[in-house]
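Chemist: For the sequence shown, position 22 (counting from the first letter as 1) is numbered 22 according to this note's numbering, and the numbering increases by one without interruption. Handing you this structure, nothing more for now.
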Amino acid sequence: MKNLELQKKIHTTKTLCNGQCKHGPITVLYPQGTWYKEMNKTKSKELIRQLKENENVHLGSELYYHDGKTYKNHESE
């Protein structure tokens, strides 16, 4: 992110337990509120590429999303 000068657009935060160990590592994209599971270096690079190109992010590893009212589970749909 630093090499791409995206620090103003992308912020990273380490967190304590969010109750999703079986799906980790987790990335949460705001303001959309989309949770991505099983993130790795390849998926992270693709996420950053899509954000940089202002694309709708789709990694195929969506866990939760926010529908404007509440969080919904992608796996139960």
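Note that the Cβ used here is the ideal one computed from N, Cα and C, for glycine as well. Since we're looking at a predicted model, the values are computed, not measured.
Closer than 8 Å by C-beta to N73: which residues in its own chain qualify, once you throw out the five before and the five after it? Chain order, please.
Modeler: If we look at N73 and ignore the five residues flanking it on each side, its Cβ neighbours are L63 and Y64.
Chemist: Using 10 angstroms around the beta-carbon of L47, count the other beta-carbons present and answer buried if the total reaches 16, otherwise exposed.
Modeler: L47 should be labelled buried.
Chemist: Assign T34 to buried or exposed, taking buried as 16 or more other Cβ atoms, counted over all protein chains shown, within 10 Å of its Cβ.
Modeler: Answer is buried; the Cβ neighbour count reaches 16.
Chemist: CB-CB under 7 Å to K52, same chain, minus the five flanking residues each way: which ones, in chain order?
Modeler: L4 and L6.
Chemist: State the start and end residues of the unbroken beta strand (DSSP E) segment that holds K72.
Modeler: Counting along the chain, the beta strand (DSSP E) containing K72 begins and ends at Y71 to N73.
Chemist: Tell me the residue span of the beta strand (DSSP E) that contains T27.
Modeler: Per DSSP, T27 belongs to the beta strand (DSSP E) from T27 to L29.
Chemist: Hey, could you find the ends of the alpha helix (DSSP H) L47 is sitting in?
Modeler: It spans K41 to K52 - the alpha helix (DSSP H) in which L47 sits, taken as one unbroken run.
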